[in-house]
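Enquirer: Protein chains in written order, with our numbering: chain A, 2 to 210; chain B, 2 to 210; chain C, 2 to 210; chain D, 2 to 210. Every residue, glycine too, gets a C-beta built ideally from N, C-alpha and C.
4 protein chains.
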Amino acid sequence: MTDQSVTKTKRQRRPDDRPAEILAAALSVFAKKGFSQARMEDIAKRAGLSKGALYLYFPDKVTLLKALVTQATGGQISMASAMAQAETAVSPLIMHFATTLAARAQDTELPFILKLVIAESQAHPEIGKFYLENVVLQAIPMMEKLIARGIATGEFRAVNPAHAVKSLMGPFLLSALWRSVFEPLGAEQLDVRALITQHVDIFLKGLRP
Amino acid sequence: MTDQSVTKTKRQRRPDDRPAEILAAALSVFAKKGFSQARMEDIAKRAGLSKGALYLYFPDKVTLLKALVTQATGGQISMASAMAQAETAVSPLIMHFATTLAARAQDTELPFILKLVIAESQAHPEIGKFYLENVVLQAIPMMEKLIARGIATGEFRAVNPAHAVKSLMGPFLLSALWRSVFEPLGAEQLDVRALITQHVDIFLKGLRP
Amino acid sequence: MTDQSVTKTKRQRRPDDRPAEILAAALSVFAKKGFSQARMEDIAKRAGLSKGALYLYFPDKVTLLKALVTQATGGQISMASAMAQAETAVSPLIMHFATTLAARAQDTELPFILKLVIAESQAHPEIGKFYLENVVLQAIPMMEKLIARGIATGEFRAVNPAHAVKSLMGPFLLSALWRSVFEPLGAEQLDVRALITQHVDIFLKGLRP
Amino acid sequence: MTDQSVTKTKRQRRPDDRPAEILAAALSVFAKKGFSQARMEDIAKRAGLSKGALYLYFPDKVTLLKALVTQATGGQISMASAMAQAETAVSPLIMHFATTLAARAQDTELPFILKLVIAESQAHPEIGKFYLENVVLQAIPMMEKLIARGIATGEFRAVNPAHAVKSLMGPFLLSALWRSVFEPLGAEQLDVRALITQHVDIFLKGLRP
DNA sequence: CATGAATGAGGTTTCATTCAT
DNA sequence: AATGAATGAAACCTCATTCAT
Numbered sequence: 002m003t004d005q006s007v008t009k010t011k012r013q014r015r016p017d018d019r020p021a022e023i024l025a026a027a028l029s030v031f032a033k034k035g036f037s038q039a040r041m042e043d044i045a046k047r048a049g050l051s052k053g054a055l056y057l058y059f060p061d062k063v064t065l066l067k068a069l070v071t072q073a074t075g076g077q078i079s080m081a082s083a084m085a086q087a088e089t090a091v092s093p094l095i096m097h098f099a100t101t102l103a104a105r106a107q108d109t110e111l112p113f114i115l116k117l118v119i120a121e122s123q124a125h126p127e128i129g130k131f132y133l134e135n136v137v138l139q140a141i142p143m144m145e146k147l148i149a150r151g152i153a154t155g156e157f158r159a160v161n162p163a164h165a166v167k168s169l170m171g172p173f174l175l176s177a178l179w180r181s182v183f184e185p186l187g188a189e190q191l192d193v194r195a196l197i198t199q200h201v202d203i204f205l206k207g208l209r210p
Numbered sequence: 002m003t004d005q006s007v008t009k010t011k012r013q014r015r016p017d018d019r020p021a022e023i024l025a026a027a028l029s030v031f032a033k034k035g036f037s038q039a040r041m042e043d044i045a046k047r048a049g050l051s052k053g054a055l056y057l058y059f060p061d062k063v064t065l066l067k068a069l070v071t072q073a074t075g076g077q078i079s080m081a082s083a084m085a086q087a088e089t090a091v092s093p094l095i096m097h098f099a100t101t102l103a104a105r106a107q108d109t110e111l112p113f114i115l116k117l118v119i120a121e122s123q124a125h126p127e128i129g130k131f132y133l134e135n136v137v138l139q140a141i142p143m144m145e146k147l148i149a150r151g152i153a154t155g156e157f158r159a160v161n162p163a164h165a166v167k168s169l170m171g172p173f174l175l176s177a178l179w180r181s182v183f184e185p186l187g188a189e190q191l192d193v194r195a196l197i198t199q200h201v202d203i204f205l206k207g208l209r210p
Numbered sequence: 002m003t004d005q006s007v008t009k010t011k012r013q014r015r016p017d018d019r020p021a022e023i024l025a026a027a028l029s030v031f032a033k034k035g036f037s038q039a040r041m042e043d044i045a046k047r048a049g050l051s052k053g054a055l056y057l058y059f060p061d062k063v064t065l066l067k068a069l070v071t072q073a074t075g076g077q078i079s080m081a082s083a084m085a086q087a088e089t090a091v092s093p094l095i096m097h098f099a100t101t102l103a104a105r106a107q108d109t110e111l112p113f114i115l116k117l118v119i120a121e122s123q124a125h126p127e128i129g130k131f132y133l134e135n136v137v138l139q140a141i142p143m144m145e146k147l148i149a150r151g152i153a154t155g156e157f158r159a160v161n162p163a164h165a166v167k168s169l170m171g172p173f174l175l176s177a178l179w180r181s182v183f184e185p186l187g188a189e190q191l192d193v194r195a196l197i198t199q200h201v202d203i204f205l206k207g208l209r210p
Numbered sequence: 002m003t004d005q006s007v008t009k010t011k012r013q014r015r016p017d018d019r020p021a022e023i024l025a026a027a028l029s030v031f032a033k034k035g036f037s038q039a040r041m042e043d044i045a046k047r048a049g050l051s052k053g054a055l056y057l058y059f060p061d062k063v064t065l066l067k068a069l070v071t072q073a074t075g076g077q078i079s080m081a082s083a084m085a086q087a088e089t090a091v092s093p094l095i096m097h098f099a100t101t102l103a104a105r106a107q108d109t110e111l112p113f114i115l116k117l118v119i120a121e122s123q124a125h126p127e128i129g130k131f132y133l134e135n136v137v138l139q140a141i142p143m144m145e146k147l148i149a150r151g152i153a154t155g156e157f158r159a160v161n162p163a164h165a166v167k168s169l170m171g172p173f174l175l176s177a178l179w180r181s182v183f184e185p186l187g188a189e190q191l192d193v194r195a196l197i198t199q200h201v202d203i204f205l206k207g208l209r210p
C-alpha cells in the first residue's frame, strides 16, 4: 500500500495512431456491451489511455461511434463503384462480389458495425442515415443495374430487379447478424463462404431464362 | 373520508387487460426510442397509468422487454410446428409459409421486436437466447426438414439444406430491418409481399433438379 | 454499522412550498460559495432533499439562479411604479423611497442577490439582462422623472437628472456590496439607514436652487 | 541534433516581460468570461504561450488572479497616500481626486478588476481581503480625514465623515459596475467624467455650512 | 390497487495541473 | 524554457426504482 516504487502514473506518449487505436478499442467495447452500455472509461482503458485523453481525439461518445461507422464503412463504397464498370457477363461478377463480401462478413468486424448501426439508428438517426446513404443506397442500385443488364442481355429472365437485389442480399444480412448476434449467444458458427456460394448458385439458377 | 362511490368510476377502466395494454405501450415506445432511451414514465403515460402502477405488473424494465418479446413471438412458434405436419408437396408449403410471414413483416410490429432483440441481445443475453431458442431454432430446423424432404422426394436438387434455409430466410430479415430501421430514416417503403413472392419464385426455380 | 433500526432513507413528503424552500437554500449556498462553486447537492441537502429531487422543481442550475433573482427582485418593480404616481413635493418622496430601500439593503438578502447578478452576468447574460431591464431600467427612469419634476417646480436647481440619479443611487450600491462582499471578509458593519439618511440630506441640500 | 542557431530566433520574443503579458491576457479573458469560466488555455493562447509555459510563471489559476488584482491595484494605493499630504483647501483636493479616479473608471480596465474581486471574494477570500485592505481601507480613511479636516476648518458643515465618504464614493462604484456589468449587456454608455463632475458639485454644495 | 414525490447510483464531460520530451 | 499530450477529480444531470399516502 505504501509501495512508492510503483509508477502510479504511466504517462505514455505514443502519437503513433491514437485515433485508430481508440476506434479499435471502441469497436471491441461497443461490440461487447452495445453503445449505451459501453462506458467511455472502458474504451479508454482498453486503448491504454485515461478517460480524459479520449476527449482529445473525439469530442463525445456519439462522434466516436460515427467515426467508427465511417471508418469501417469506407471500403464498401469504393468496392461498389469499381464493380459498376466491367462489361463482361453478369453472373461471374455477382459471384465475385458475393465471395468478397462473404469473406468480409466472415473475417472482419463488419457484422458488429452493422449491428451497432441497427441498434442505434433510432437514438442517433445521423448514423443510420449515414449508413443508409453511403452503404445501402450505394450498393443496392449498383446491384440493381447489374441485374437489369443481365435481363437485357438475356442472361437472366425478366424479374423485378429491385426485388431481386434483396433476394440476393438478404442472406448477407442474415449471415452478418448471425455472427454478431447469435454466435455470441452460443449458436453454432456459420460457414458464411459456403452458405453464400450455394446461395448465389441457387439465385443465379433461379434467374435462368 | 369522501364519497367512495364517485371514485369507483375512475377504476372501471377495464383492469382486466392491463398487462396487454402496457405491453402495447412499451412496444410503441421501444420502437420509437430504442430500449435504453425509452423511459418508464413514457410507457406508463402511454398506457394510461402512473409510473408506480407499472411496477405492479412488471418488476422491472428488462422483464417488460422480455414479456414483450415473448408475447409477440408466441404465434411464430405454433405456426412453425403446425407446418411440420403436412405430407403434401413442399413447394406450396414454402410459398404459403412465406406469404404468411411476409404479411406479418408488412403489417405487424414484428420487425420492431426483431430490431429490439438485435439491439439488446448483448446487454441482455436472456432476451437474445429466448429469441434464438424459441424462434430461430424452431423455425430453421423445421424449414430444413422441409427442404430435405423436397430433396428426398426429388422435388429439389441436392443442396445443403441448412444453407438453403438461410437463402430462403435472408430476405425476410432484410425486409424486417428495412421496415424498422431504414424506413423511419426516410428510405422508400418496401412492398414486402411482392418482394417475397418473387423471392420464393426465384428460390424454388433455383432448387429445381 | 449493522444497526438496521436507523431509518436510512427518510423519505419526506412535504409538498408545502418546496420551490420556496429550495430557493431559500439556493440563496444561502450561492451567497456562501458563489454560483460556480455551489454544488447542487449542497443546495439539496440544505433544503432537506436529495440531489435528484431538486430537478423535479428546477430543470437545471441556471434556472434555479434565474428563479432566485426573479423572486427576490419582484417586489422592487412594484415599488417603483407606485412611486411614480404621487403629485406632492419631490424631496419627501425621495427620502421615503431611500429609507425603504435602505431598510431592504440592511435587513434582507437583496445585497447577495445583487452580488450574484454582478458575478454571473458575463457567464449568464440572461440573468444580467433580466436585472438590468426589470430593476435598473425601471428604477432609474422613475427617479429621473422625479428629479426632473423637482427641477421643473423649482424645488431643485438645474442639473442633469440622469447623472443626478446616479449620485443618489451610488451609495445604495456601495452599501449593498459592503454588506455582501466586505462584511463577510471582516469589515466593520455598515449602518445603512444612518448612512442613507445623511446621504439623502447631503444630496437634497446639494440640489437646492 | 539540428542547427540551433535557427531555433534562437523563435525565442527572441522578449522573454523579459512575460509575466506582464500574461497578466494582460488574463485580464482580458477574465473580463470576457469571468474567473470560473476562463480557461487557462485561452489565457495562454492570448499571451502567445503554451498552456504549460503559463505554469512556469504562475503556479496556479488563483495566483494569477491575485497577481492581476495586485498589479492593477498598485497605483491606487500610492495615489491615496500622496493625497493625504497636502494642506490646502479640501474641496479642490476632492475634485482633483475625483477627476483622476473618474478618468480611470472611464478609460482603464479597473472596473473589470473590481467586478472580478466582487465575484470571487467568496470563493477566494484572500483576494477580497487583499482588495479590502489595500484599496478600500486605504482610500476610505484617507478621504475620511480629508472630510474631517474640511469640517474642522469650517469648509464643510458637521456631518458624519465616515458616512459622507460613502456618499462621495458610491457613484464611482456605480460607474465602474455600469461599465463592467451593464454596458456589456447593451446598456447605454455612461459619461463617467460628466457624471462625477456633477456629483462632486452636488456633494460639495450639500456639505456647505 | 394506484399515485407520483423522492431517492441515489452511475456516466459523460470539463479542465486545472503535470511531466516526458 | 517550452510544449502539449495526458491525467483524473469533480459535478451536473438522468432515470429506474421505491414507498408513504
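Evaluate the contact criterion for the segment 155-175 of chain A versus the segment 171-191 of chain B: three or more CB pairs, one atom per stretch, below 8 Å.
Expert: The segment 155-175 of chain A is in contact with the segment 171-191 of chain B.
Enquirer: In the DSSP assignment, the alpha helix (DSSP H) including residue 201 (chain A) goes from what residue to what residue?
Expert: Residue 201 (chain A) -> alpha helix (DSSP H) spans 193-207.
Enquirer: Give the DSSP-derived three-state secondary structure of residue 161 (chain D) in the structure shown.
Expert: Three-state DSSP puts residue 161 (chain D) in coil, outside helix and strand.
Enquirer: Taking the continuous alpha helix (DSSP H) assigned at residue 53 (chain B), which residues delimit it?
Expert: Start and end: 52-58.
Enquirer: Residue 199 (chain D) and residue 63 (chain C) - do their beta-carbons sit closer together than 7 Å?
Expert: Taking 7 Å as the Cβ cut-off, residue 63 (chain C) and residue 199 (chain D) do not qualify as a contacting pair.
Enquirer: Residue 182 (chain B) CB to nearest chain A CB: under 7 Å?
Expert: Answer yes: the Cβ-Cβ gap between residue 182 (chain B) and chain A drops below 7 Å somewhere.
Enquirer: State the DSSP-derived secondary structure class of residue 97 (chain D), mapped to helix, strand or coil.
Expert: Note: residue 97 (chain D) maps to helix in three-state DSSP.
Enquirer: Taking Cβ-Cβ distances shorter than 8 Å, what residues in chain C pair up with residue 34 (chain D)?
Expert: Within 8 Å Cβ-Cβ: 123, 124.
Enquirer: Return the CA-CA distance between residue 197 (chain C) and residue 207 (chain C), expressed in angstroms with no decimal places.
Expert: Cα-Cα distance, rounded: 15 Å.
Enquirer: If you follow the alpha helix (DSSP H) that residue 118 (chain A) is part of, which residue opens it and which one closes it?
Expert: Start and end: 111-121.
Enquirer: In chain order, what residues of the same chain lie with their CB nearer than 8 Å to the CB of residue 66 (chain B), ignoring the 5 residues before and after it?
Expert: Same-chain partners within the cutoff: 27, 31, 36, 117, 121, 125, 128.
Enquirer: Do you know whose CA, among D:73, D:56, D:54, lies nearest residue 25 (chain D)'s CA?
Expert: Of D:73, D:56, D:54, the residue nearest in Cα terms is D:73.
Enquirer: Please state whether DSSP places residue 31 (chain A) in a helix, a strand or coil.
Expert: Residue state, collapsed to three classes: helix.
Enquirer: For residue 1 (chain A), does the three-state DSSP call read helix, strand or coil?
Expert: With chain A covering only 2 through 210, there is no way to say anything about residue 1 (chain A).
Enquirer: Which of the three DSSP states, helix, strand or coil, is assigned to residue 210 (chain B)?
Expert: Three-state DSSP puts residue 210 (chain B) in coil, outside helix and strand.
Enquirer: I need the boundaries of the alpha helix (DSSP H) containing residue 142 (chain C), first residue and last residue.
Expert: Residues 138-153.
Enquirer: Could you round the C-beta distance between residue 95 (chain C) and residue 204 (chain D) to whole angstroms and report it? I think they count as a contact, below 8 Å.
Expert: About 16 Å; that fails the 8 Å criterion.
Enquirer: Contact between the segment 178-189 of chain C and the segment 131-139 of chain D is defined here as three or more beta-carbon pairs at a separation below 8 Å; is this criterion met?
Expert: They touch, by the three-pair rule.
Enquirer: For residue 47 (chain A), report the span of its alpha helix (DSSP H) as first-last.
Expert: Counting along the chain, the alpha helix (DSSP H) containing residue 47 (chain A) begins and ends at 41-47.
Enquirer: DSSP three-state call for residue 74 (chain D): helix, strand or coil?
Expert: Note: residue 74 (chain D) maps to helix in three-state DSSP.
Enquirer: Any residues in the segment 146-168 of chain C with a beta carbon nearer than 8 Å to a beta carbon of chain D? Which ones, in chain order?
Expert: Those residues of the segment 146-168 of chain C that come within reach of chain D (Cβ to Cβ, closer than 8 Å) are 160, 161, 164, 165, 167, 168.
Enquirer: What number of angstroms, rounded off, separates the C-alpha of residue 58 (chain A) from the C-alpha of residue 33 (chain A)?
Expert: So the alpha carbons of these two residues sit roughly 22 Å apart.
Enquirer: In chain order, what residues of the same chain have a beta carbon less than 6 Å from the beta carbon of residue 211 (chain A), not counting five sequence neighbours either side?
Expert: What is shown of chain A runs 2 to 210, which leaves residue 211 (chain A) out entirely.
Enquirer: Per DSSP, what kind of secondary structure is residue 187 (chain B) in: helix, strand or coil?
Expert: Note: residue 187 (chain B) maps to coil in three-state DSSP.
Enquirer: Any beta carbon of chain D sitting closer than 7 Å to that of residue 97 (chain C)?
Expert: Not closer than 7 Å to any Cβ of chain D, the Cβ of residue 97 (chain C) fails to qualify, so no.
Enquirer: Can you round the beta-carbon distance between residue 99 (chain D) and residue 201 (chain D) to whole angstroms, since I take them to be within the 8 Å contact cut?
Expert: Sure, about 5 Å apart at Cβ, within 8 Å.
Enquirer: List, in order along the chain, the chain B residues whose C-beta lies closer than 8 Å to that of residue 137 (chain A)?
Expert: Within chain B, the residues near residue 137 (chain A) are 183, 188.
Enquirer: My assumption, with CB atoms under 8 Å, is that residue 70 (chain A) sits in contact with residue 23 (chain A). Please give the rounded CB distance.
Expert: Not confirmed; about 14 Å, so no contact.
Enquirer: Rounded to a whole number of angstroms, what is the C-alpha to C-alpha distance between residue 139 (chain C) and residue 52 (chain A)?
Expert: Rounded to whole angstroms, residue 139 (chain C) to residue 52 (chain A) spans 50 Å at the Cα level.
Enquirer: In this structure, how does DSSP classify residue 38 (chain B) when only helix, strand and coil are distinguished?
Expert: Three-state result, residue 38 (chain B): coil.
Enquirer: Here's the rule: buried if 16 or more other CB atoms are within 10 angstroms of the residue's CB, otherwise exposed. What is residue 123 (chain A)?
Expert: Buried: at least 16 other Cβ atoms inside 10 Å.
Enquirer: Nearest by alpha-carbon distance to residue 154 (chain B): which of B:48, B:40, B:88, B:39 is it?
Expert: Minimum Cα distance to residue 154 (chain B) is reached at B:88.
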